[in-house]
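Here the structure is laid out as structure tokens; the discussion comes afterwards.
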Amino acid sequence: MCRWRQVRNLYLRCGHSEGLIKCASTHCKFSPNHPAHCVPPSCTRTCNQYHLFPERYTPNIDGYCSSCRGGGRRH
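Note that my numbering gives residue 740 to position 40 of the sequence shown, counting from 1, and the numbers run on in steps of one.
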């Protein structure tokens, strides 16, 4: 699933964002394990998103992120 879709919630009250889908693949450009040295043009030949057309979805949420809610912080 993670190779097909990247979801990132954007919290309008604090301006923070949280990603929801984590991937362990080194061939997924949305993964924290994607190597920093893997950049175009070689990345476009080896990594999945350039071949599978992933969906990027960013819902705007009128609220605070979990860090701001949990820590009592308000920006």
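Note that CB positions come from ideal geometry on N, CA and C, so glycine has one too.
Because the structure is a prediction, the values reported are computed rather than measured.
How is the alpha helix (DSSP H) around residue i delimited, first residue to last?
i      : result
Gly770 : Ser766 to Gly771
Ser742 : Ser742 to Thr746
From residue i to residue j, what distance separates their C-alpha atoms?
i      : j      : result
Pro740 : Gly719 : 23 angstroms
Met701 : Gly770 : With a pLDDT of only 40 at Met701, under 50, the local geometry of the prediction cannot be trusted, and the value read off the model is given with reservation. One C-alpha to the other measures close to 29 angstroms.
Go through its chain and collect everything with a Cβ distance to residue i's Cβ below 6 angstroms, but skip five positions before and after it.
i      : result
Thr761 : The sequence as given places Ile at residue 761; Thr does not occur at that position. Hits under 6 angstroms: Asn709 and Tyr711.
Ser725 : Ser731
Cys768 : Cys714
Compute the beta-carbon to beta-carbon distance between residue i and residue j, rounded to the nearest angstrom, for a pair I have assumed lies under 8 angstroms.
i      : j      : result
Cys738 : Cys728 : The pair is not a contact, with the Cβ atoms about 10 angstroms apart (cut-off 8 angstroms).
Tyr764 : Cys714 : 5 angstroms
If you drop the 5 nearest sequence neighbours on each side, which residues of the same chain put their C-beta closer than 7 angstroms to that of residue i?
i      : result
Asn733 : Ala724, Ser725 and Thr726
Mapping DSSP to helix, strand and coil, what is residue i?
i      : result
Arg713 : coil
Val739 : coil
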